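Chains X, F, L and W are the protein sequences, given in the same order. Taking the working numbering, I'd label the letters of the first sequence as residues 15 to 170. Taking the working numbering, I'd label the letters of the second sequence as residues 15 to 170. Taking the working numbering, I'd label the letters of the third sequence as residues 15 to 170. Taking the working numbering, I'd label the letters of the fourth sequence as residues 15 to 170. We put the CB at the ideal spot given by N, CA and C, even for glycine. Bear in mind the structure is a predicted one, so any value in this text is a computation, not a measurement.
There are 4 protein chains.
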Amino acid sequence: MTKTNYFEQSPALPAPLEKSVFRTVRFNEIDPMGIMWHGHYASFIEDARVALGNSLGIGYQDFYDHGVAIPVRQLHVDYLSPLYYGKTYEIKARLFYSEAARLNCDFTILDESGRVMTRAYSVQLLIDKEQRLLLEWPEFTRPFFRAWKEGTVKIK
Amino acid sequence: MTKTNYFEQSPALPAPLEKSVFRTVRFNEIDPMGIMWHGHYASFIEDARVALGNSLGIGYQDFYDHGVAIPVRQLHVDYLSPLYYGKTYEIKARLFYSEAARLNCDFTILDESGRVMTRAYSVQLLIDKEQRLLLEWPEFTRPFFRAWKEGTVKIK
Amino acid sequence: MTKTNYFEQSPALPAPLEKSVFRTVRFNEIDPMGIMWHGHYASFIEDARVALGNSLGIGYQDFYDHGVAIPVRQLHVDYLSPLYYGKTYEIKARLFYSEAARLNCDFTILDESGRVMTRAYSVQLLIDKEQRLLLEWPEFTRPFFRAWKEGTVKIK
Amino acid sequence: MTKTNYFEQSPALPAPLEKSVFRTVRFNEIDPMGIMWHGHYASFIEDARVALGNSLGIGYQDFYDHGVAIPVRQLHVDYLSPLYYGKTYEIKARLFYSEAARLNCDFTILDESGRVMTRAYSVQLLIDKEQRLLLEWPEFTRPFFRAWKEGTVKIK
Chain X
15 MTKTNYFEQS
25 PALPAPLEKS
35 VFRTVRFNEI
45 DPMGIMWHGH
55 YASFIEDARV
65 ALGNSLGIGY
75 QDFYDHGVAI
85 PVRQLHVDYL
95 SPLYYGKTYE
105 IKARLFYSEA
115 ARLNCDFTIL
125 DESGRVMTRA
135 YSVQLLIDKE
145 QRLLLEWPEF
155 TRPFFRAWKE
165 GTVKIK
Chain F
15 MTKTNYFEQS
25 PALPAPLEKS
35 VFRTVRFNEI
45 DPMGIMWHGH
55 YASFIEDARV
65 ALGNSLGIGY
75 QDFYDHGVAI
85 PVRQLHVDYL
95 SPLYYGKTYE
105 IKARLFYSEA
115 ARLNCDFTIL
125 DESGRVMTRA
135 YSVQLLIDKE
145 QRLLLEWPEF
155 TRPFFRAWKE
165 GTVKIK
Chain L
15 MTKTNYFEQS
25 PALPAPLEKS
35 VFRTVRFNEI
45 DPMGIMWHGH
55 YASFIEDARV
65 ALGNSLGIGY
75 QDFYDHGVAI
85 PVRQLHVDYL
95 SPLYYGKTYE
105 IKARLFYSEA
115 ARLNCDFTIL
125 DESGRVMTRA
135 YSVQLLIDKE
145 QRLLLEWPEF
155 TRPFFRAWKE
165 GTVKIK
Chain W
15 MTKTNYFEQS
25 PALPAPLEKS
35 VFRTVRFNEI
45 DPMGIMWHGH
55 YASFIEDARV
65 ALGNSLGIGY
75 QDFYDHGVAI
85 PVRQLHVDYL
95 SPLYYGKTYE
105 IKARLFYSEA
115 ARLNCDFTIL
125 DESGRVMTRA
135 YSVQLLIDKE
145 QRLLLEWPEF
155 TRPFFRAWKE
165 GTVKIK
């Protein structure tokens, strides 16, 4: 039922870049079934996506400073096992290389033993201040993509 | 990029059952980009799903009263156009007929002119109090499914 | 323990203006204790405050259109009885007359039988685009205050 | 306008116990005014209260394991300066000694330079499984209170 590879890509392309954050489930994130409400995963996922973007110099603020917004165009979550109150989970985000101007990320949420609880992906588009879709990556991201292709990206 | 039919089904099966709710975007649901934050859609969608379930007598509470929980196993959202503060949108939920014990719903969010802003779907599984997956629909839902096949379901 | 009059005022001043909205507690607003999580009341209260402001022509958007923001400076909630899933409650907001440029509102949440479940109040200040505190009501609010004093305000 | 001491107490009583947590403002916690929405402070405050309770062995789960719930009876927030996206703040919780069975906490949110951004307090009551108010501290908390009086409490 759940694909393990949401984004298929040629092995010739640079490998995905990844970063993990850790987050503990809050009291108010638990629903009447005693598990984390499914709607809170978007925030868990965003925590990892934001951390990855910031560490690469292509975060929300970086785009915004260049007049570009990066709204989420698609979000997909496969809830494999529930998350519980007070437990801490790893959220791992991976950014996939794309020539087209879009941010393709996938996500894995793992418990403390490394078991996969959730898989997810998101797609973000780039728009300018007039709400027009950008078809090419903005100038300021060029050095980043060059480094990615050369295998010299540093994840802070 | 966006499929219009997430669930394909034989024309021989009973047609989906549907219900709409209306909801106005709140001040605190707007993100720094000036549009509704993508994570709030899960709640919009749930409003319609809950209303549909309740109107059919197979809501959260109905299942719960029979010892069954219906956790969300999969959620997918295609964000086509942004939602804005203070605007009221229609959220239309449709439940698809399934012999297997799972709730397959799709969702359409429309603006006041009837334009489609969002498409989405969710899949829910049924589990008992020992967290075991139910493979068959619980006894209490039988009359509902019979009525659905006979075309006599009443949506309150 | 709970005061019933948060804002004391001279009987010579115009009486408070009020408006009610109704809201049903959502599945995801229930906490592990089986009652609405205390942090969600701010949104319930805001629903009534926004409705009252809009009905009087002095809502967020009205102020914003005149370059003024109205941030909440103080919020106080007395939780008297818990709110439950699926129940619908009335949230009544009252705006108190004030010569000083601040919005003093109190709130009462009632169940279907009219029993008081919650009392609360909020204080909002007015600031301009340079984040400076406004000491006087903006020009555009003058007709409203004149009508209030004359007893001719219409609540839409 | 803002009191700095919400709970007055005799100097003869044991001093408050305190603990801080740190939290970074998320993208979706920012409202259309560009500052953290006032309703999210309840969660910031709860983070510090939960951490303090857990560190003292009198957290939600500790009470729950003894058949006691500790609902919030009163919440008060004084918003002194706004919180901004991506900034990290210290949230300091203090528990005040009380012979009566109630948890009186105050809170201070500070920015990275130590400036006070927010002051708040909460009062929690103790109820048993039949929703009856507890007038005395449960047995399991006795050693904790004895240690507090003796000045030997360890905050983990």
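Of all alpha-carbon atoms in W:Trp51, W:Tyr74, W:Pro85, W:Arg40, the one lying nearest the alpha-carbon of serine 136 of chain W is that of W:Pro85. Of all residues in the region 51-63 of chain F, the ones placed with a Cβ closer than 9 Å to any Cβ belonging to chain X are Trp51, His52, Gly53, His54, Tyr55, Ala56, Ser57, Ile59, Glu60, in chain order. When C-beta distances to chain X are compared with 9 Å, the residues of the region 91-111 of chain W below that value are Tyr99, Gly100, in chain order. When beta bridges are read from the DSSP output, glutamine 138 of chain X appears opposite X:Val86, X:Leu117. The beta carbon of phenylalanine 154 of chain L is closer than 7 Å to those of His80 in its chain, skipping five residues each way along the sequence.
Boundaries of the alpha helix (DSSP H) harbouring tyrosine 55 of chain W: 55-70, taken from the DSSP string. DSSP lists F:Ala107 as the bridge partner or partners of lysine 33 of chain F.
Residue pairing by DSSP places isoleucine 44 of chain F opposite F:Met50 in a beta bridge. Note: leucine 147 of chain X is bridge-paired with X:Ile141 in the DSSP secondary-structure output. Sequence-ordered contacts of the region 75-92 of chain W with chain X read Gln75 [C-beta pairs closer than 8 Å]. Counting C-beta atoms within 10 angstroms of its own C-beta, alanine 114 of chain L has fewer than 16 neighbours from the protein chains shown and is therefore classed as exposed.
Within chain L, no residue has its CB atom less than 7 Å from the CB of phenylalanine 121 of chain F, the nearest being about 16 Å off. Alanine 65 of chain L and glutamine 75 of chain L have their C-alpha atoms some 12 Å from each other. Under the three-state reduction of DSSP output, threonine 155 of chain W falls in the helix class.
The beta carbon of asparagine 42 of chain F sits closer than 9 Å to some beta carbon of chain W.
Put simply, the CB of aspartate 125 of chain X is far from chain L, with every gap to its CB atoms at 9 Å or more. At a cut-off of 9 Å between beta-carbon atoms, methionine 47 of chain L makes contact with chain W. Nearest to phenylalanine 21 of chain L by alpha-carbon distance, out of L:Asn42, L:Glu60, L:Ser112, is L:Ser112. Cβ neighbours of glutamine 88 of chain W within its own chain (closer than 6 Å, five residues either side excluded): Val137.
A residue is called buried once 16 or more other Cβ atoms fall within 10 Å of its Cβ, and glycine 53 of chain X is buried on that count.
Taking every protein chain shown into account, the CB of glycine 165 of chain F has fewer than 16 other CB atoms within 10 angstroms, so this residue is exposed. With fewer than 16 other Cβ atoms inside 10 Å of its own Cβ, phenylalanine 36 of chain X counts as exposed.
Counting the other Cβ atoms within 10 Å of the Cβ of alanine 29 of chain W gives fewer than 16, which makes it exposed. Rounded to the nearest angstrom, the Cβ distance from alanine 107 of chain W to methionine 47 of chain L is 20 Å, too far for a contact under 8 Å.
Beyond the five residues adjoining it in sequence on each side, isoleucine 59 of chain X comes within less than 6 Å, by CB distance, of Phe121, Ala134 in the same chain, given in chain order.
The straight-line gap separating the alpha-carbon atoms of glutamate 104 of chain X and aspartate 125 of chain X is approximately 6 Å. The straight-line gap separating the alpha-carbon atoms of histidine 90 of chain W and glutamine 145 of chain L is approximately 24 Å.
Take the alpha-carbon of glutamate 150 of chain F and the one of glycine 100 of chain X: they are about 33 Å apart. For aspartate 79 of chain W, the enclosing alpha helix (DSSP H) covers residues 74-79. DSSP, reduced to helix, strand and coil, places arginine 160 of chain F within a helical segment of the structure shown. In this structure, L:Tyr55 is the residue among L:Tyr55, L:Trp162, L:Ile169 with its C-alpha nearest to the C-alpha of aspartate 92 of chain L.
The three-state secondary structure of valine 130 of chain X, taken from DSSP, is strand.
Per DSSP, reduced to three states, the secondary structure at tyrosine 20 of chain X is coil, with no helix or strand assignment. Non-local beta-carbon contacts of leucine 31 of chain W in its own chain, meaning distances under 8 Å to residues more than five positions away in sequence, involve Leu66, Leu70, Arg108, Leu109, Trp162, Val167, Ile169 in chain order.
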